[in-house]
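Chains as they are written, first to last, in full-length UniProt numbering: chain A, 1 to 400; chain B, 1 to 354. Just so you know, even glycine gets a beta-carbon here, dropped at the ideal spot from N, CA and C.
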């Protein structure tokens, strides 16, 4: 049994930076990664905006030292880059010294390749190498291989937009119970025609920059990203004399049981998730210094999540902001992206501004943090809410 | 740590397994490379309005979970954990082909909404109004084992008392046509009884849903205790024999106490060697069983293996058609299951009579 769940390394690649430092710089400078789409041919290109990573697949393959005959989807490429950064950051040279697992999250998986080669597969034998990479677990297997993880617990979670938060949660439970000494947790999702058109048909894609928690919000921008964190037990931290970036203090998952895609108006699921996480952390709501909200800027999410926050925090809502205006909604990766941002907030004692907010929502009087704020932070709560009614909360803290 | 029991089950497969009062009394034999699950009367469990919206995978998952809940005499559970290797293939393919064939125009959201990997888990929760923990694992041939591992962790630590755990995957034509291209599906039709003698590449693909109520409270209806479950992304440089021996040793067991070995052989000449190494080696004096000639191969087919093991442990009956050899022990107490797919994602599951 491990009392603490230490975060000892982080890696990230998103539209606002190719590593942790670049992401942090963009966050404090208020620099968004939202642009017009350039890498996917879509008839919606002039009507949507996205958080796209600048590197081409070929550039990512080179960074990983892959040969041209590789069969990596973009999800696998992004995931491998972020996961490798995380273990370097944690100063891990031999991954198999301790019982190490990998829990990744994805919703798109290898869909990017399937949609490109949909008809070619039957005509061009060279494309067939991607067929076995369609399923979600494939990217995780490849990340494990890149990290040198063998004979171990390697699995994938897909609960839509809460997936990576759930990967962190499972990882934390495996450390706590003593099943693993170390686990790399996170998620990866690339942009795809499938998700662009999916969210388009749901009519929740904004045609301009997304505006979380704003009365006139027009919907979300999709983004692509990957992020991973290294979680280690007390035993490893002590034995290796490891610097600890922060701790996973609490976590909770609940189901809204309301609708396949929409959140309940009162945010039942999100309320339960936050309450469970506070209970596990043995904290009261007043102990939370900052909420990194899910805040996708859809009409439904921000209302439901806002109401849930009010139910949990009542009249004492702490500073909160959504970072979706920087990165777009990175779907299954979002929980890991925002975990990295939450840890950076704790390390640097800053709260990031919620970009693009102008008008308070009429349903309640909640205004997110609008300027960069420096403040001593001890605990940060991060929400991730997804299709299938899946609601997750993770609490990060400076101290164990 | 609390012990973890399989208290009930519900199975929809290529055999008539949806009726818990029978146990493979009548075996359906196939001669094909793709086989489909036998439909129960879905209307007995799902309203016609809901049923119309649901693809077969969702229906199978929802109904298998209801059969399991009914048997455990439960209205709801504390958590729902689902494993699915490929997710909701029918709706994914429907949406994807519409995007490609209509150049991203004239699309409707229904199939996209239903295409998410956690649709089955979400729909079960919606039906039960279950607001508890709800996870979906999507990791190839250990999707179901990941779900069991998670549930076991939760029950042992008393974070929940009853959890619905299941594996579900559905057959879809386009995906099958791709898997035929790369010989993951056998080129020729194979008779069920000849599966292991086929000497060809690939497997007979299929579908199904097997759900279980796991609990840390034993009931009269309980089938078995889940002693241990372990997954391995790869074997590294270790042989399956050494991996199996290490697994038994960690549980203070040896091959002699295993009364029954349940293997996931699928007749793929390239990968059945893993099973053959165990059956001809350290387990050669153990009663061995296989099952994929009955249920076919799919990412969560190993959940059928757990269904089979549970039935054998409870009834103490071993159907002739699943036997790989004939070394009948006096009774069945300890059962070891081993599965892998294409040389990756190996798993051991250890069950005990309760």
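Would you list the residues sitting across from residue i in a DSSP beta bridge?
i	result
residue 95 (chain A)	Answer is none; residue 95 (chain A) lacks a bridge partner.
residue 25 (chain A)	Answer is none; residue 25 (chain A) lacks a bridge partner.
residue 130 (chain B)	For residue 130 (chain B), which the question treats as bridged, DSSP gives no partner whatsoever.
residue 7 (chain A)	A:231 and A:246
residue 23 (chain B)	For residue 23 (chain B), which the question treats as bridged, DSSP gives no partner whatsoever.
residue 360 (chain A)	A:214
residue 104 (chain A)	A:156
residue 321 (chain A)	A:292
residue 215 (chain B)	B:5 and B:162
residue 182 (chain B)	Looking at the DSSP assignment, residue 182 (chain B) forms no beta bridge with any residue, so it has no partner.
residue 230 (chain B)	B:348
Which first and last residues belong to the beta strand (DSSP E) in which residue i is found?
i	result
residue 380 (chain A)	379–386
residue 249 (chain A)	246–255
residue 390 (chain A)	390–397
residue 189 (chain A)	182–189
residue 169 (chain B)	162–169
residue 11 (chain B)	5–12
residue 81 (chain B)	79–83
residue 347 (chain B)	344–353
Identify the continuous alpha helix (DSSP H) that holds residue i and give its terminal residues.
i	result
residue 161 (chain A)	Careful: residue 161 (chain A) lies outside any alpha helix (DSSP H) and carries neither H nor E.
residue 114 (chain B)	110–115
residue 121 (chain A)	Neither: residue 121 (chain A) is in no alpha helix (DSSP H) and is coded neither H nor E.
residue 145 (chain B)	143–156
residue 339 (chain B)	Per DSSP, residue 339 (chain B) belongs to no alpha helix (DSSP H); it is in the beta strand (DSSP E), 334–341.
If you draw a straight line from the C-alpha of residue i to the C-alpha of residue j, how long is it?
i	j	result
residue 294 (chain A)	residue 305 (chain A)	8 Å
residue 260 (chain A)	residue 301 (chain A)	13 Å
residue 257 (chain A)	residue 389 (chain A)	6 Å
residue 400 (chain A)	residue 233 (chain A)	11 Å
residue 33 (chain A)	residue 16 (chain A)	5 Å
residue 54 (chain B)	residue 17 (chain B)	21 Å
residue 249 (chain A)	residue 279 (chain A)	10 Å
residue 403 (chain A)	residue 66 (chain B)	For residue 403 (chain A) there is no data in the structure shown, the boundaries of chain A being 1 and 400.
residue 207 (chain B)	residue 85 (chain B)	11 Å
residue 111 (chain B)	residue 94 (chain B)	7 Å
residue 331 (chain A)	residue 51 (chain A)	12 Å
residue 68 (chain B)	residue 329 (chain A)	37 Å
residue 15 (chain B)	residue 110 (chain A)	32 Å
residue 324 (chain A)	residue 184 (chain A)	24 Å
residue 148 (chain A)	residue 351 (chain B)	31 Å
residue 227 (chain B)	residue 255 (chain A)	29 Å
residue 71 (chain A)	residue 215 (chain B)	41 Å
residue 308 (chain A)	residue 246 (chain A)	26 Å
residue 404 (chain A)	residue 179 (chain B)	Chain A is shown only over 1 to 400; residue 404 (chain A) falls outside these bounds and no answer can be derived.
residue 14 (chain A)	residue 133 (chain A)	22 Å
residue 191 (chain B)	residue 82 (chain B)	31 Å
residue 286 (chain A)	residue 342 (chain A)	17 Å
residue 292 (chain A)	residue 131 (chain A)	37 Å
residue 60 (chain A)	residue 192 (chain A)	17 Å
List the whole-angstrom C-beta distance separating residue i from residue j, where the pair is believed to meet the contact cut-off of C-beta under 8 Å.
i	j	result
residue 236 (chain B)	residue 387 (chain A)	Rounded, the Cβ-Cβ distance is 36 Å, inconsistent with contact.
residue 139 (chain B)	residue 114 (chain A)	That pair is no contact at about 18 Å.
residue 297 (chain A)	residue 392 (chain A)	So it is not a contact: roughly 19 Å between Cβ atoms.
residue 396 (chain A)	residue 346 (chain A)	6 Å
residue 112 (chain A)	residue 173 (chain A)	Wrong, their Cβ atoms sit about 31 Å apart, outside the cutoff.
residue 233 (chain B)	residue 154 (chain A)	4 Å
residue 71 (chain B)	residue 221 (chain B)	6 Å
residue 229 (chain A)	residue 186 (chain A)	6 Å
residue 211 (chain B)	residue 159 (chain A)	Going by Cβ atoms, the distance from residue 211 (chain B) to residue 159 (chain A) rounds to 18 Å, so no, they are not a contact pair.
Just checking residue i against the ligand MG - is the residue's beta carbon closer than 6 Å to any of the ligand's heavy atoms?
i	result
residue 176 (chain B)	Although the ligand MG was asked about, the structure shown includes no ligands whatsoever.
- What residues from the region 246–274 of chain A come within 9 Å of chain B, judged by C-beta to C-beta, listed N to C? Residues of the region 246–274 of chain A that bring their beta carbon within less than 9 Å of a beta carbon in chain B comprise 252, 253, 254, 255, 256, 257, 258, 259, 260, 261, 268, 269 and 272, in sequence order.
- For the region 383–396 of chain A, enumerate the residues whose C-beta is nearer than 7 Å to any C-beta of chain B, in chain order. So the close ones are 387, 388, 389 and 390.
- Message: Residues of the region 52–84 of chain A in Cβ contact with chain B at a cutoff of 8 Å, in chain order, please.
- Response: Cβ contacts with chain B: none found.
- Task: Using a Cβ-Cβ cut-off of less than 8 Å, give me the residues of the region 156–190 of chain A that come near chain B, in sequence order.
- Result: For the region 156–190 of chain A, which is checked against every Cβ of chain B, the residues closer than 8 Å are 156, 157, 158, 159, 160, 166, 170, 173, 174, 177 and 179.
- Message: Output needed in chain order: residues of the region 23–51 of chain B with a Cβ under 7 Å from some Cβ in chain A.
- Response: Contact annotation: in the region 23–51 of chain B, no residue has its CB less than 7 Å from a CB in chain A.
- Task: Mind checking the region 93–122 of chain B against chain A and listing, in chain order, the residues whose C-beta falls within less than 8 Å of any C-beta there?
- Result: Of all residues in the region 93–122 of chain B, 95, 96, 97, 99, 100, 103, 104, 105, 107, 108, 109, 112, 113, 114, 115, 116, 117, 118, 119, 121 and 122 have a Cβ within less than 8 Å of some Cβ in chain A.
- Mind listing which residues of the region 124–135 of chain B have their C-beta closer than 8 Å to chain A's C-betas, in chain order? Under the 8 Å Cβ criterion, the region 124–135 of chain B contributes 125, 126, 128, 129, 130, 131, 132, 133, 134 and 135.
- Below 9 Å between beta carbons is the criterion; list the residues of the region 214–241 of chain B that meet it against any residue of chain A, in chain order. Those residues of the region 214–241 of chain B that come within reach of chain A (Cβ to Cβ, closer than 9 Å) are 230, 231, 232, 233, 234, 235, 236, 237 and 238.
- Message: Closer than 8 Å between beta carbons: that is the criterion. Which residues of the region 285–306 of chain A meet it against chain B?
- Response: Close to chain B, meaning a Cβ-Cβ distance shorter than 8 Å, is no residue of the region 285–306 of chain A at all.
- Quick one: which residues of the region 197–210 of chain A get their C-beta closer than 7 Å to a C-beta of chain B? List them in chain order. Under the 7 Å Cβ criterion, the region 197–210 of chain A contributes 197, 198, 201 and 202.
- Mind listing which residues of the region 139–156 of chain B have their C-beta closer than 9 Å to chain A's C-betas, in chain order? From the region 139–156 of chain B, only 139, 140, 141, 142, 143, 145, 146, 149, 150, 153, 154 and 156 have a Cβ closer than 9 Å to chain A.
- When Cβ atoms are compared, which residues of the region 175–189 of chain B fall closer than 9 Å to chain A? Against chain A - using a Cβ distance shorter than 9 Å - the residues of the region 175–189 of chain B are 175, 177, 178, 179, 181, 182 and 184.
- Any residues in the region 14–33 of chain A with a beta carbon nearer than 9 Å to a beta carbon of chain B? Which ones, in chain order? Listed by position along the chain: nothing, the set is empty.
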